[in-house]
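Inspection log for the structure reproduced underneath, given as structure tokens.
Protein chains in written order, with the numbering used here: chain A, 1 to 282; chain B, 1001 to 1282; chain C, 2001 to 2282; chain D, 3001 to 3282; chain E, 4001 to 4282; chain F, 5001 to 5282.
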């Protein structure tokens, strides 16, 4: 996979809000009281765990938005694997400014590296199978674009970004339309030709019915690995097979071995534990 | 503790951004294609776990900002304990609107209830000791006020909200000022009389030196329960004793038994796993 | 086609900006100088042309955002055909408020009805063929969601909303990747499974090559009706055929008769002449 | 006329909104999938029509806001006449960035150049008469400052920018005040000394009455060229004479020959067809 | 003068920013700690001085934006004269909410009433003369529309709202253009017909030269009352005469008696002392 | 006291709003009409009074945000004492740009220097006593962070920035809780350990009762210097003593001589007269 572009067009607004959240009106009252205004420092951000990093552009920009004169030397890039003690970035500049922006920078970097690292663990489990790991819309408000980027940095793929990007037909929609045929008719008539159509099925019977029509993907929800295997056989390559439900690091390998193309994991974005970085003075 | 006020003055901006994140320009293209514009539905948000809930006002307002005509019946309140299957909210209104705002509403509710529930587990561990559980500034960008509220809903307390609310002197500050006496002198001269002063110490020797001066609190960083016990004895009630570092559900009880007043836990806000709720049609 | 939902989640920000643009700091200095503050009026918005209307929710909300006490009676709905003299809306309320918001309300309604009416003329031309009319990303900055909605109100369809919604491979991309096979390989590897893939071709030879691979749609750019016919025959239903380039009300019928599925028309959103409405006192 | 300053203080907000509109959360998923992240390109924006250009600063800044490292060579300036094939700008930089911002840049440039070119055609028609061509408040929401600038670039003049800039008394105002004398009395008493006063009249009788009082300008609405001539004669230079209503490229010359000072044309900003530019790789 | 409309279209943004400024992320930590969440109170805002009030709509909306369920009874209106002890507003609602928004509401009301009251004192001084009192662009950032409204509430008039509303030619402009004739030529050619033109003169000689041309107003800067008298005589009603410089409550009467039409006073908006109101529980 | 950091993280939003307030959509129509677009000028900001300056970073950034190519030479710094005629800043750049941003830049500088200078006068009065001068929350909406900074520049100290920074218990709170003991109990239980607690008392009896409990500060409201002296004696250093009410330049010295630690003065931020600066061409 080639390196994807960071969603730079969204960073400034997010970083400004995060800095204001931490600095309020009064700013860093500790630094302002005890550090001389012209003191400078050199420090580095060091990994305290093993994993995959993501979010360096946000961390760097958090410092830069606060003080454009701070200088950086990148030692690593998003998507890189790190070991305990690896320096990912060195920072040089005004001490008050660096300490005032430190927490915001680390909050982005630690959260996104946590996502990338968790994704990488899932990806590792499914190596050798046809399955890719992907995220969901179960993201934290205001952070979706960054979280989905972190999933890619960890080797995962993105499901639709929002309700606006693709059609995903669920139980409610089928019930409202009056059946699988009816809902797919409505989609064909009403939806743009430029959006993919996926439909959720809970049983092999439902799947069988769906396969009478043309869909881009089927979401096989909460099926056991054995049932998934049968589903994949039924589909015969006519649609992308996505498994979801009950996926964790213990179960994902068996799910992947069923032959599905995609396994979606909400935990990547809603429950990834933080990745531990420290900022240490040189 | 009396019920705290939800940070309502911050909800609209956050909710609008979250809705735009999920709806983009095109909106819910699935619902718009397959559900009749005037269809209505009644549904409920049901707990799928045991824990403590937080974030109902955000969930309700996510629906309301999207469509002010949606109606709600609250079955539970923030801070309540829930069991699997408990209905926390019923919702009635336009089907397209409810399904379009559902994910945003649940993303808030599941994340914040995850924080409240994790907090409650820590709080339970320290019952019977003098220690309270509190959060840190290791929050997710843009969500701090809501996350800190969720900690309170779970029975925890808040540390300072931001760099602007209280003085917390760390290694860097002591080094920059030239010593503990010097840094506390600078604080006394430069800081407002209306902010508390806490200082981080790593050893009992440092603590001993600090106690020559007046501080509101001492942050006892990464000390073993035994060392903490000695520290508490040294302090003799002259300052609030806060323990931090290496705190998890396995260690927190022994830490609390050292006699500290506060235990700060970054994981409450940076690593709480999501709490599982479902939205089911009635 | 069923009625699509208006992009209500985007209206407030747009309307507020439009009102501030017209009212500045000083507001309607004419009305404030000559109309009594408590005077009320009843008036109606009347069509002065024949066509299809769009944008009533924006017009109504422009008044409402300025003064929530203004009352409305809708006589028509978006997508309705109107004749000269048809009343589409009656408005009752404070005179100063109505006159202050009038221009903003009409600017939305006249522009969007212009788009809907132009779209309807194109749609009428292609009646009886397989072709649908759709818009492009050649929209006016800040108005895309509303303009694309107006196209739908006029009976057209939407192409992708933005660069984020679907893959559209153009000359530049093919050149950069090193060929058609190469670019499609990259897309397969790097893009999400939830986005459609369209590729632009300028000649039948290019089309022939493209058809060796799987794509959702082909954009047949600047081809004559005869060449389009051959292209459609080549494709044999394996991809959606979209024609673009040189489309106007004179040429669109012959283009449609080539058998293409879609005809994209930039003019719908970048060059639609305004539709004439008047606001008259009752 | 000397060159007017572009409304630079308004560009960033508009451009950011336009970029987010096109890039969403996911960005240019085509470029990100198929173009190497460090690829660079050189390209130029070329005119495909004859006309007058406007909006280069917005086009350049659309690229710059997206990627500050993109470099430009200006070959033309706003207000310049261009022929088919004229290069107006060359652009050099990162390929992904250039292609991601291209559409937004062109959407501004094509729309504003369309306005400037249409204005220039009207201006050409009235050459040799006393009349200047000016625009109205019938602008597209969010774009007024840029549209009015484009009118100036095309050789036109601006009417009031908004309701806050000048007094324009219409039928409603006269009726509400109880007559022409009464409305002008109210203006004299209530309005600032720093704003001009114009009054709309539909007949020569009304004009006659108006001329009993002091006004800066009269708006002669929907009068035939002959009636306009009589109106100009009546006014005898005591006020600026503005003609409006029924103005198009066929009628404007005769209207101008009536001797009026100003002819206002809503179409300049509400119905100007786009001007065609292409972005071609060098 | 008839009652002017409050700039309601600008209130929400200002009030939200002001509330966030006072409440931060944590809100009213005092009220939240000590007042029961469902406690209600009735209170009133009482004048503690004699003067003229302005800003009631902002005060009311500050409470309303914070909590829409708070109820009000207006006892007075903007522009009313108040005595010590007059109740201007009674307020009933949730205690926490009222106390949380109180300071913001009073900050608006006290500042704007201070401006209205100071204006009224100047207006009183010039009673019986031809002079009106007006404000300048020397306003406090972000508050201009409200400050200029308060001046009107106090019986004053507004000078231009901003650089965009009228032409005011100063020394710099004359020097840049190369003389008075040259600068007025440029204005005639380049400026819109819908904006007034005022020119600043420092001496009677300059005034004499200016009177060779047509201007709407002359700004007689820093002239003594005697010189002003001569200036007014020279002008002979051909332009509005505005005096500025050295105006205070001691000097304004003699300046007014010179016969000028307008006296502009920067102090109204940049130096008005606060007006004292108290919020007392019923 | 060491130099505090300017709240730079808040400047851009404030300056942009202030520039838009003055420039509207049309910009500086005078400069645009009469000054050549490429003309440059050199000018300086000169003090016309004696006092203490504050706000230079805002003034400089007001020019820079409008035109980043303007160059500056700082002659003075915030907190410096200036005499009549002192040059504080020289400015070089495009004439139109400098004149367009001048008023906004001066509006910040004059207001904040007014606050710093008034603060310095109060500070001078209390020299030799134990008392520091501090500001209140009676600030002007949107300007609090800058105003509180100006107080520090003038030698004063800041009281709490907002309701979120510290506990201040007033009459209402005591009444609501049911007494002094009760309110302090609630604070102890409900409030964070990281916020200081101050309580307002009106009489020595109330003070006596308060001193039975632990508080950080007592606000001695509207007491005479003699009563204040007795209060200070009662407190015996167990809490910070703050005097408020009836403080002005005439009374402040005697209040300070009572031995209080702090005197809060609302006038610093709500009623400081402007400080006079001029911008003169070199």
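Cβ coordinates follow ideal geometry from the N, Cα and C atoms, glycine included.
It should be emphasised that the depicted structure is a prediction, and the values quoted were computed from it without experimental measurement.
Residues in its own chain within less than 6 angstroms of residue 2045 of chain C by CB, not counting five upstream and five downstream?
Once the five neighbours on either side are set aside, the close Cβ partners of residue 2045 of chain C are 2088, 2089, 2277, 2279.
Within a Cβ cutoff of 6 angstroms, which residues of the same chain sit near residue 1060 of chain B, ignoring the five residues on either side of it in sequence?
Once the five neighbours on either side are set aside, the close Cβ partners of residue 1060 of chain B are 1072.
Can you round the beta-carbon distance between residue 70 of chain A and residue 115 of chain A to whole angstroms, since I take them to be within the 8 angstroms contact cut?
At roughly 26 angstroms, the Cβ-Cβ gap does not stay under 8 angstroms, so residue 70 of chain A and residue 115 of chain A are not in contact.
Between residue 209 of chain A and chain B, is there a C-beta pair that is closer than 8 angstroms?
Residue 209 of chain A does not count as touching chain B.
Could you tell me whether the Cβ atoms of residue 1258 of chain B and residue 1225 of chain B are closer together than 8 angstroms?
Yes, they are a contact pair.
Evaluate the contact criterion for the stretch 3046-3059 of chain D versus the stretch 3076-3095 of chain D: three or more CB pairs, one atom per stretch, below 8 angstroms.
Segments in contact, yes.
Starting from residue 2219 of chain C, follow its DSSP beta bridges and name the residues at the other end.
Answer is C:2200, C:2242.
In angstroms with no decimal places, state the Cα-to-Cα distance between residue 3103 of chain D and residue 3172 of chain D.
Taking the straight line joining both Cα atoms gives about 43 angstroms.
Specify whether the stretch 5139-5146 of chain F and the stretch 4147-4155 of chain E touch according to this definition: at least 3 beta carbon pairs, one from each stretch, less than 8 angstroms apart.
Touching, no, given that fewer than three Cβ pairs across the two stretches are closer than 8 angstroms.
Using only alpha-carbon positions, find the residue among C:2267, C:2159, C:2191 that is nearest to residue 2217 of chain C.
The candidate whose alpha carbon is nearest that of residue 2217 of chain C is C:2159.
Is any beta-carbon of chain A found at less than 8 angstroms from that of residue 1082 of chain B?
No, because no Cβ of chain A sits closer than 8 angstroms to the Cβ of residue 1082 of chain B.
If I follow the unbroken alpha helix (DSSP H) through residue 1020 of chain B, where does it start and stop?
Where residue 1020 of chain B is concerned, the enclosing alpha helix (DSSP H) stretches over 1011-1023.
Measure the beta-carbon distance from residue 2005 of chain C to residue 1037 of chain B and round it to whole angstroms, keeping in mind my assumption that it falls under 8 angstroms.
Yes, they are in contact, since the Cβ atoms of residue 2005 of chain C and residue 1037 of chain B sit about 7 angstroms apart, within 8 angstroms.
Given that residue 2240 of chain C touches chain A, what residues does it touch there, using C-beta distances under 7 angstroms?
Simply 193.
Distance, Cα to Cα, residue 2156 of chain C vs residue 5190 of chain F?
Taking the straight line from one Cα to the other gives about 60 angstroms.
For the alpha helix (DSSP H) that residue 1031 of chain B lies in, which residues bound it at each end?
Residues 1029-1034.
List the residues of chain F that residue 4281 of chain E touches, going by C-beta distances under 9 angstroms, in chain order.
5171, 5172, 5175, listed in chain order.
So residue 3025 of chain D contacts chain C; which residues on that side make the cut at Cβ distance below 7 angstroms?
Ordered by position in chain C, the residues that pass the 7 angstroms Cβ test against residue 3025 of chain D are 2164.
So, is the C-beta of residue 112 of chain A closer than 8 angstroms to a C-beta in chain B?
It does not; no Cβ of chain B falls within 8 angstroms.
Would you verify that the beta carbon of residue 1213 of chain B is, or is not, closer than 8 angstroms to some beta carbon of chain E?
Taking Cβ atoms only, chain E never reaches closer than 8 angstroms to residue 1213 of chain B, which makes this a no.
Determine the closest residue to residue 4162 of chain E out of E:4153, E:4135, E:4184, with distance taken between C-alpha atoms.
When each option's Cα is compared against that of residue 4162 of chain E, the closest is E:4135.
Less than 8 angstroms between the beta carbons of residue 236 of chain A and residue 219 of chain A, yes or no?
Contact: no.
By the 10 Å Cβ neighbour count, where 16 or more other Cβ atoms means buried, how is residue 1269 of chain B classified, buried or exposed?
Burial call: buried.
Take the Cβ of residue 4068 of chain E as the centre, count every other Cβ of all protein chains shown within 10 Å, and call the residue buried at 16 or more, exposed below.
It counts as exposed.
Quick check: residue 2164 of chain C and residue 3026 of chain D, are their CB atoms within less than 8 angstroms of each other?
Yes, the pair counts as a contact, with Cβ atoms nearer than the cut-off.
Do residue 1261 of chain B and residue 1242 of chain B have their CB atoms nearer than 8 angstroms?
A contact, by the Cβ cut-off of 8 angstroms.
Please name the residue, chosen from D:3193, D:3206, D:3166, D:3256, that lies closest to residue 3174 of chain D on a Cα-to-Cα basis.
The shortest Cα separation from residue 3174 of chain D among D:3193, D:3206, D:3166, D:3256 belongs to D:3206.
Leaving out the 5 sequence neighbours to the left and right, which residues in its chain are closer than 7 angstroms to residue 5177 of chain F when beta-carbon positions are compared?
5183, 5186, listed in sequence order.
Roughly how many angstroms separate the alpha carbons of residue 2253 of chain C and residue 2232 of chain C, rounded to a whole number?
If I take the Cα positions, the gap works out to 16 angstroms.
For the candidate residues A:200, A:221, A:117, A:192, whose alpha-carbon lies nearest to that of residue 82 of chain A?
Out of A:200, A:221, A:117, A:192, A:117 has the C-alpha closest to the C-alpha of residue 82 of chain A.
On the DSSP bridge list, what partners appear for residue 5280 of chain F?
BP columns for residue 5280 of chain F point to F:5044.
Please list, in chain order, the residues of the stretch 2261-2275 of chain C that have any C-beta partner in chain D closer than 7 angstroms.
Hits within the stretch, in order: 2270, 2271, 2273, 2274.
Report all residues from its chain with a CB closer than 8 angstroms to the CB of residue 295 of chain A; omit the five preceding and five following residues, and keep chain order.
The requested residue 295 of chain A is not part of the displayed model; chain A covers only 1 to 282.
Beta-carbon within less than 8 angstroms of residue 1222 of chain B's beta-carbon, same chain only, minus the 5 sequence neighbours each way: which residues are those?
Cβ neighbours of residue 1222 of chain B beyond the five flanking positions: 1202, 1244, 1245, 1246.
Taking the alpha-carbon of residue 204 of chain A as reference, which of A:192, A:230, A:196, A:193 has the nearest alpha-carbon?
Of the candidates A:192, A:230, A:196, A:193, the one whose C-alpha sits nearest the C-alpha of residue 204 of chain A is A:230.
Out of curiosity, what's the CA-to-CA distance linking residue 3084 of chain D and residue 3108 of chain D?
Roughly 19 angstroms between the two C-alpha positions.
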